[in-house]
Amino acid sequence: MFTLILVLLSQPLFGPFEQFTFMGEPMDTGLGSAPCLVDWNGDGLTDILVGTRDPYSPLLPDVDGGIFYLPNTGTPDTPLYETVAVLEADGAPITHSS
Ligand SMILES: [Ca+2]
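So that you can map any letter, position 36 of the sequence shown is 36 in the working numbering, and since no number is skipped, the others follow by simple counting.
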């Protein structure tokens, strides 16, 4: 008989809760959105990608869903998100309408 023994070598590490802000206000990525933290532009700072089908996303209310890109223009310890753009493919916005 084979017995699998799972050994937890390390404990997951979670930092304290941190509220992201967008243009100085608490960030609201919209209904049903899926934010993802990633260094999208390779500058060493954590950016945010948000996939959303929300046609009225607080980030870009005039865009009917899509993948939004918020570059971090702050520092590693103090991220700053002040602009948002829709990601494009072949020159066209990547949309995900509801
Ligand atoms: Ca970055």
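Ideal Cβ placement from N, Cα and C applies to all residues, glycine included.
Non-local beta-carbon contacts of P58 in its own chain, meaning distances under 7 Å to residues more than five positions away in sequence, involve D28, G30 in chain order. One thing to note: L49 has its Cβ within 8 Å of the Cβ of V38.
For G66, the enclosing beta strand (DSSP E) begins and ends at 66-70. Of all alpha-carbon atoms in G24, G65, T78, the one lying nearest the alpha-carbon of V86 is that of G65.
Looking at the DSSP output, F22 shares a beta bridge with E25. Contact check for W40 against Y81 fails: the beta carbons are separated by 8 Å or more.
Rounded to the nearest angstrom, the gap between the Cα atoms of T52 and T73 is 22 Å. Secondary structure within the stretch 28-96: the beta strand (DSSP E) runs of 3 or more consecutive residues, fully enclosed, are 34-38, 47-52, 66-70 (chain order).
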